[in-house]
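A.B. asks: Same order as they appear, the protein sequences are chains Y and F.
Those letters in the first sequence? Residues 1 to 307, by my numbering.
Those letters in the second sequence? Residues 1 to 307, by my numbering.
Don't be surprised by glycine CBs; every beta carbon is placed ideally from N, CA and C.
2 protein chains.
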Amino acid sequence: MREGIMSLLVTGSIGIDTVESPAGRVENILGGSAVYFAAAASFFGPVRFVGVAGEDMPEDFLAPLEKMGNVDLTGLEVRRGSKTFRWAGRYHADVNQRDTLDTRLGVLGEAGPTIPEKFRDSRYVFLANTHPALQAQLLDQLAAPKLVVADTMDLWIERESAALQAMLGRLDGLVLNDTEARQLTGQANTVVAGAKAAEMVKRFVVVKKGEHGSLLFAGGKVHVLPAYPSMNVVDPTGAGDSFAGAMMGYLASRDRRDPASLLKGMAYGTVVASLELEDFSLNKLQRTSRADIDARFKEYLGMMRVR
Amino acid sequence: MREGIMSLLVTGSIGIDTVESPAGRVENILGGSAVYFAAAASFFGPVRFVGVAGEDMPEDFLAPLEKMGNVDLTGLEVRRGSKTFRWAGRYHADVNQRDTLDTRLGVLGEAGPTIPEKFRDSRYVFLANTHPALQAQLLDQLAAPKLVVADTMDLWIERESAALQAMLGRLDGLVLNDTEARQLTGQANTVVAGAKAAEMVKRFVVVKKGEHGSLLFAGGKVHVLPAYPSMNVVDPTGAGDSFAGAMMGYLASRDRRDPASLLKGMAYGTVVASLELEDFSLNKLQRTSRADIDARFKEYLGMMRVR
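(1) When you compare the CB positions of R104 of chain F and F85 of chain F, do they come within less than 9 Å of one another, or not?
(2) From A244 of chain Y to L263 of chain Y, what does the alpha carbon distance come to, in whole angstroms?
(3) At which residues does the beta strand (DSSP E) containing R79 of chain Y begin and terminate?
(4) From what residue to what residue does the beta strand (DSSP E) around I16 of chain Y run?
(5) If you check the beta carbons only, do S13 of chain F and D235 of chain F fall under 9 Å apart?
(6) Is the Cβ-Cβ distance between D121 of chain Y and A136 of chain Y less than 9 Å?
(7) Considering only the alpha carbon of each residue, which of Y:M248, Y:E160 and Y:L65 lies closest to K284 of chain Y?
(8) List the DSSP bridge partners of N283 of chain Y.
(9) Name, in chain order, the residues that DSSP records as bridge partners for G89 of chain Y.
(10) Would you verify that the beta carbon of L215 of chain F is, or is not, closer than 9 Å to some beta carbon of chain Y?
(11) For M1 of chain Y, decide whether its Cβ has a neighbour in chain F, counting only Cβ atoms nearer than 9 Å.
(12) Against chain Y, does V175 of chain F count as a neighbour if the rule is that its beta carbon must be under 9 Å from one of theirs?
(13) In whole angstroms, what is the alpha-carbon distance linking D255 of chain F and V47 of chain F?
(14) Give me the residue from Y:L168, Y:A23, Y:R307 and Y:A133 with the minimum Cα distance to V148 of chain Y.
(15) Just reading off the beta strand (DSSP E) that T179 of chain Y is part of, what are its end residues?
(16) Suppose the cutoff is 6 Å on Cβ atoms and the five residues either side in sequence are ignored; what does the same chain contact list for A88 of chain Y look like?
(17) Cα separation between M304 of chain F and A260 of chain Y?
(18) Tell me, which residues are paired with R48 of chain F by DSSP?
(19) Does the separation of the CB atoms of A181 of chain Y and A150 of chain Y fall below 9 Å?
(20) Can you find the residues in the same chain that come closer than 6 Å, C-beta to C-beta, to V52 of chain Y, ignoring five residues on each side of it along the sequence?
(21) Under the three-state reduction of DSSP, which class applies to V272 of chain Y: helix, strand or coil?
(22) Quick one: residues in its chain with C-beta nearer than 6 Å to the C-beta of G265 of chain Y, no 5 flanking neighbours on either side, listed in chain order?
(23) Report the partner residues of I29 of chain Y according to the DSSP bridge assignment.
(24) Less than 9 Å between the beta carbons of G302 of chain Y and S214 of chain Y, yes or no?
(25) Residues of chain F with CB under 8 Å from S122 of chain Y, in chain order?
(26) When you compare the CB positions of L275 of chain F and R290 of chain F, do they come within less than 9 Å of one another, or not?
(27) Give me the residue from Y:L139, Y:A162 and Y:L174 with the minimum Cα distance to T152 of chain Y.
(28) How far does the beta strand (DSSP E) with F243 of chain Y in it extend, from its first residue to its last?
(29) Mapping the DSSP letters down to three states, classify F297 of chain Y as helix, strand or coil.
(30) Just the C-alpha distance for G69 of chain Y and A38 of chain Y, rounded to the nearest angstrom, thanks.
(31) M6 of chain F and R98 of chain F - do their beta-carbons sit closer together than 9 Å?
(32) Could you check the C-alpha separation between R2 of chain F and G194 of chain F for me, to the nearest Å?
(33) List, in order along the chain, the chain Y residues whose C-beta lies closer than 7 Å to that of D94 of chain F?
(34) Secondary structure at D56 of chain Y, three-state DSSP: helix, strand or coil?
(35) Measure the CB-CB distance between N177 of chain Y and G210 of chain Y and report whether it falls below 9 Å.
(36) Below 8 Å CB to CB, which residues in the same chain sit around V271 of chain F once its five sequence neighbours on both sides are set aside?
Below, the structure is given as structure tokens:
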């Protein structure tokens, strides 16, 4: 059996984050889209990690991710003379609102990572948010991916529309938030926007609504899931990446991409994200077992079961 | 068998509405909380209607409600020398946002309605939003209600806190939106707010989140439902009242008030509200059959079924 079968690869950012929330303030903690994604996906199977940090990355900075097991860091590049991506933000009393206080792109403003030879047979691929032209370059390095999913953000929709459109046609799936879906399609209704966006990619669109759940547009149909009702939100940073990580981890582990499996993956994504946001950085996920996830998954389905 | 068993009574407003939405503008159409509630509930069984209009109410104004069948208008009072409640509002391109352009309380600023003798044995009771002291007076007129549910609004939370608190202890259930739940409890987290609010009433709280679904707090547990993903929102006026009407109609028809039945009632509420908002006034509900509701109910459950 080829090793690449059911293999999951993520490319995205490694971040040095400073976060203020009603629960407290933490400085220079481990963050970044690829980090949160990989941590969440690792509960479901092996994850191949590709990302770039700068020389300023503290020693053992990625140790929490390594300790989770299942994450192959062969694709980690620590670039000499460059700076790690840094982000600082403050969440309001209503933690669904935040202000970005500082963003220093560092290596994210430079050339992208190279995908190691041994990762090029990856079948499940997640291209976390970055310039769409860079996402296209990463995709060019893969031999025969089976399910390519990307996320994007308002910045690229505004500024890099042509590159984004070119990229979208190569994707099986796109993950984006409700504001971005409306912006991408020019539709005021989120459901109409999601359906239009789904016409731009090969298979599906997932619209994330944070505390309000998510929508799936696949096979000409709409599916909908509520968020897990969290009473204990410490830091929502990384919740969207954790959602995507658990979703893709589930799909890779089952080698599926049909709508029913996508929805089940989203339900796992909802649950893992709801755990992730209960503490800063990877603190909560490090204390979480697969059994914890399965217990909350069962609880979550029970919360919305109409009999 | 006593006639009052499983009987459902609603008291609330009759409104002459003027609505602007991206879909168009309509003047002096039938609206009001009791009207939307009764129309939605009528699909599930008989509804006893109690409300006051003014002398200025146009002839045959309530004909659309009468034509739906199942609504007993014995409790309708047309008050000489008084004016009907009027409301005018404008919905934005994002129809989840609206501006109130004009509100004329008319009879709603006067003495409340009297509940007819033949309605006083009602078992299921919904007190639509009005001054909490008036809600208490209405409740005093009922012999032995089994399930009393009210909704409230920000105005009473701000201005009539003492009367509202006194009223809450007499309620089995309270329906309110997410902003109101946070305001009532002083909690920034909607889920925590809902749980705190549930401690103020006898049985349950339903938190409505409009296009984002609803939460149920009952029996010490949280349940959650997404909204039906609507692509065709013409006029959201009355969606919340229709939600409550279908929920209460379902509960009365089954003579149930346990958490599982409440959640199923909310699912019917979600579906009937999603139909109601596809046209102005009662236009869509008048064209809707119970079979249409059951078909959308099945579709809705399928949209969120994780297998």
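C.D. replies: With the structure as the only source:
(1) Here residue 104 of chain F refers to the residue found at position 104 when the second sequence is read from its first residue. Here residue 85 of chain F refers to the residue found at position 85 when the second sequence is read from its first residue. Contact: yes.
(2) The residue labelled residue 244 of chain Y in the question sits at position 244 within the first sequence. The residue labelled residue 263 of chain Y in the question sits at position 263 within the first sequence. A244 of chain Y and L263 of chain Y: Cα-Cα distance of roughly 12 Å.
(3) Position 79 of the first sequence holds residue 79 of chain Y. Looking at the DSSP string, the run of the beta strand (DSSP E) that includes R79 of chain Y is V71 to R79.
(4) Mapped onto the first sequence, residue 16 of chain Y falls at position 16. Residues G15 to S21.
(5) As a working note, residue 13 of chain F is residue 13 in the second sequence. As a working note, residue 235 of chain F is residue 235 in the second sequence. No, these two residues do not count as a Cβ contact at 9 Å.
(6) As a first step, residue 121 of chain Y must be located in the first sequence, where it is residue number 121. As a first step, residue 136 of chain Y must be located in the first sequence, where it is residue number 136. No.
(7) As a working mapping, residue 284 of chain Y is identified with position 284 in the first sequence. Out of Y:M248, Y:E160 and Y:L65, Y:L65 has the C-alpha closest to the C-alpha of K284 of chain Y.
(8) For this step, residue 283 of chain Y is matched to residue 283 along the first sequence. According to DSSP, which records beta bridges pairwise, N283 of chain Y is partnered with nothing at all.
(9) Counting from 1 along the first sequence, the entry for residue 89 of chain Y is found at position 89. In the DSSP output, where bridge partners are listed per residue, G89 of chain Y has Y:V19 and Y:T100.
(10) If you number the second sequence from 1, residue 215 of chain F lands on position 215. With 9 Å as the cut-off, L215 of chain F counts as an interface residue toward chain Y.
(11) Taking the first residue of the first sequence as position 1, residue 1 of chain Y is located at position 1. In this prediction, M1 of chain Y scores a pLDDT of 38, lower than 50, which makes its location untrustworthy; the coordinate-derived value is nonetheless stated afterwards. No - not a single Cβ of chain F is within 9 Å of the one on M1 of chain Y.
(12) For the purposes of this step, residue 175 of chain F is taken as residue 175 along the second sequence, with counting starting at 1. Taking Cβ atoms only, chain Y never reaches closer than 9 Å to V175 of chain F, which makes this a no.
(13) Taking the first residue of the second sequence as 1, we reach residue 255 of chain F at position 255. Taking the first residue of the second sequence as 1, we reach residue 47 of chain F at position 47. So the two alpha carbons sit approximately 14 Å from each other.
(14) Locating residue 148 of chain Y in the first sequence gives position 148, where the first residue counts as 1. Of Y:L168, Y:A23, Y:R307 and Y:A133, the residue nearest in Cα terms is Y:L168.
(15) Position 179 of the first sequence, counting from 1, holds the residue named residue 179 of chain Y. Looking at the DSSP string, T179 of chain Y is not in any beta strand (DSSP E); the run it does join, the alpha helix (DSSP H), is D178 to T185.
(16) Residue 88 of chain Y sits at position 88 when you count from the first residue of the first sequence. The residues are T18, L101 and D102.
(17) For the purposes of this step, residue 304 of chain F is taken as residue 304 along the second sequence, with counting starting at 1. For the purposes of this step, residue 260 of chain Y is taken as residue 260 along the first sequence, with counting starting at 1. So the two alpha carbons sit approximately 10 Å from each other.
(18) Position 48 of the second sequence holds residue 48 of chain F. Beta-bridge pairing links R48 of chain F to F:L9 and F:D72.
(19) The residue labelled residue 181 of chain Y in the question sits at position 181 within the first sequence. The residue labelled residue 150 of chain Y in the question sits at position 150 within the first sequence. The answer is no: Cβ separation not under 9 Å.
(20) Position 52 of the first sequence, counting from 1, holds the residue named residue 52 of chain Y. Answer for V52 of chain Y: E77, R79, V107 and P113, listed in chain order.
(21) The sequence position of residue 272 of chain Y within the first sequence is 272, counting from 1. In this structure, V272 of chain Y counts as helix in the three-state DSSP scheme.
(22) Within the first sequence, residue 265 of chain Y is the residue found at index 265, counting from 1. M247, Y250 and L251, listed in sequence order.
(23) If you number the first sequence from 1, residue 29 of chain Y lands on position 29. Bridge partners of I29 of chain Y: Y:D17.
(24) If you number the first sequence from 1, residue 302 of chain Y lands on position 302. If you number the first sequence from 1, residue 214 of chain Y lands on position 214. For G302 of chain Y and S214 of chain Y, no; Cβs fall outside 9 Å.
(25) If you number the first sequence from 1, residue 122 of chain Y lands on position 122. What S122 of chain Y touches in chain F: nothing, since even the nearest Cβ is about 27 Å away.
(26) Looking up residue 275 of chain F in the second sequence gives position 275. Looking up residue 290 of chain F in the second sequence gives position 290. No, these two residues do not count as a Cβ contact at 9 Å.
(27) Within the first sequence, numbered from 1, the residue matching residue 152 of chain Y stands at position 152. Among Y:L139, Y:A162 and Y:L174, the Cα nearest to that of T152 of chain Y is on Y:L174.
(28) Within the first sequence, numbered from 1, the residue matching residue 243 of chain Y stands at position 243. From DSSP, F243 of chain Y is part of no beta strand (DSSP E) but of the alpha helix (DSSP H) over A239 to R254.
(29) Position 297 of the first sequence, counted from the first residue, corresponds to residue 297 of chain Y. Looking at F297 of chain Y - three-state DSSP - the assignment turns out to be helix.
(30) Position 69 of the first sequence, counted from the start, is the residue given in the question as residue 69 of chain Y. Position 38 of the first sequence, counted from the start, is the residue given in the question as residue 38 of chain Y. When rounded, the distance between both Cα atoms is 10 Å.
(31) Working through the second sequence from its first residue, we reach residue 98 of chain F at position 98. Working through the second sequence from its first residue, we reach residue 6 of chain F at position 6. For R98 of chain F and M6 of chain F, no; Cβs fall outside 9 Å.
(32) Counting from 1 along the second sequence, the entry for residue 2 of chain F is found at position 2. Counting from 1 along the second sequence, the entry for residue 194 of chain F is found at position 194. The predicted position of R2 of chain F is uncertain, since its pLDDT is 45 and thus under 50; a value taken from the coordinates is nonetheless stated next. Cα to Cα, the separation comes out at about 36 Å.
(33) For this step, residue 94 of chain F is matched to residue 94 along the second sequence. Under the 7 Å cutoff, chain Y gives A188.
(34) Here residue 56 of chain Y corresponds to residue number 56 of the first sequence, with the count starting at 1. Coil.
(35) Here the question's residue 177 of chain Y lines up with position 177 in the first sequence. Here the question's residue 210 of chain Y lines up with position 210 in the first sequence. A contact, by the Cβ cut-off of 9 Å.
(36) Here residue 271 of chain F corresponds to residue number 271 of the second sequence, with the count starting at 1. Answer for V271 of chain F: Y228, A246, I293, R296, F297 and Y300, listed in chain order.
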